[in-house]
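In this note's numbering, the protein residues as written are 207 to 382. Glycine included, every Cβ here is placed at the ideal spot set by N, Cα and C. This one's a predicted model, so the numbers in the text were calculated from it and none came from an experiment.
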């Protein structure tokens, strides 16, 4: 049951490049606000304790657990979810590499992992395997064993370093 309208706060944020408005109770988690109020269903809710990483989104460009943030804290901020990665129904280079390397199975954790990978590759454009595995240690995946994910991230890093995937990077700020 929702709180009376006077107890719900108006929230305005930039979601995947578009200004969006919604209302939330002060205790509403950002993940629930994004999914239920704004329709960003690529945000998955797993443990609700910040452990599994399934709910990871970018908040002002920083990978953040949306289950640990209240919706009211996102007022005025830029939020990017997995929905921001594909353009015109074409997956970005990271998503394509995940597909090529079978880096997903059930897919529940994939959106959060992808968003962490976006920020990671911005900060560490030429990672080694140990660095990728360290970044992934903040995510729980029961299906893949992580090997395909590591291969996908390393492939994208190599391609971006050599300039092979610049057509997407110039169109999508999350790919740089």
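On the three-state DSSP scale, how would you describe residue i?
i           : result
residue 348 : coil
residue 235 : strand
residue 219 : strand
residue 227 : strand
residue 242 : helix
residue 353 : helix
residue 338 : helix
residue 370 : coil
residue 254 : coil
Leaving aside the five residues before and after residue i along the sequence, list all residues of the same chain whose C-beta is less than 6 Å from its C-beta, in chain order.
i           : result
residue 319 : 345
residue 284 : 220 and 266
residue 368 : none
Would you tell me roughly how many angstroms separate the C-alpha atoms of residue i and residue j, rounded to the nearest one?
i           : j           : result
residue 218 : residue 242 : 15 Å
residue 252 : residue 261 : 7 Å
residue 296 : residue 341 : 26 Å
residue 330 : residue 366 : 12 Å
residue 289 : residue 332 : 25 Å
residue 316 : residue 334 : 21 Å
residue 379 : residue 294 : Legend: pLDDT at residue 379 = 43, less than 50; position of this residue unreliable, value from coordinates given subsequently. Approximately 15 Å, taken between the alpha carbons.
Looking only at its own chain, which residues have a Cβ that is under 7 Å from the Cβ of residue i, when we skip the five neighbours before and after it?
i           : result
residue 225 : 218
residue 222 : 286, 287, 289 and 290
State yes or no: is the beta carbon of residue i nearer than 8 Å to at least one beta carbon in chain C?
i           : result
residue 322 : In summary, chain C is missing from the structure at hand, where a single protein chain is found.
Round the Cβ separation of residue i and residue j to the nearest angstrom and send it over; I've been treating them as touching at under 8 Å.
i           : j           : result
residue 305 : residue 269 : Going by Cβ atoms, the distance from residue 305 to residue 269 rounds to 21 Å, so no, they are not a contact pair.
residue 278 : residue 336 : About 38 Å; that fails the 8 Å criterion.
residue 310 : residue 286 : Incorrect: roughly 19 Å between the Cβ atoms, too far for contact.
residue 307 : residue 354 : 4 Å
residue 213 : residue 276 : The pair is not a contact, with the Cβ atoms about 14 Å apart (cut-off 8 Å).
residue 237 : residue 272 : 4 Å
Here's a check: name, in chain order, each residue in its chain whose Cβ is nearer than 8 Å to the Cβ of residue i, leaving out the five neighbours to either side.
i           : result
residue 300 : 291, 320, 323, 324, 327, 358, 359, 362 and 381
residue 247 : 241
Item to complete: Mind listing, in chain order, the continuous alpha helix (DSSP H) runs of no fewer than 4 residues lying wholly within the segment 256-328?
Response: 299-306
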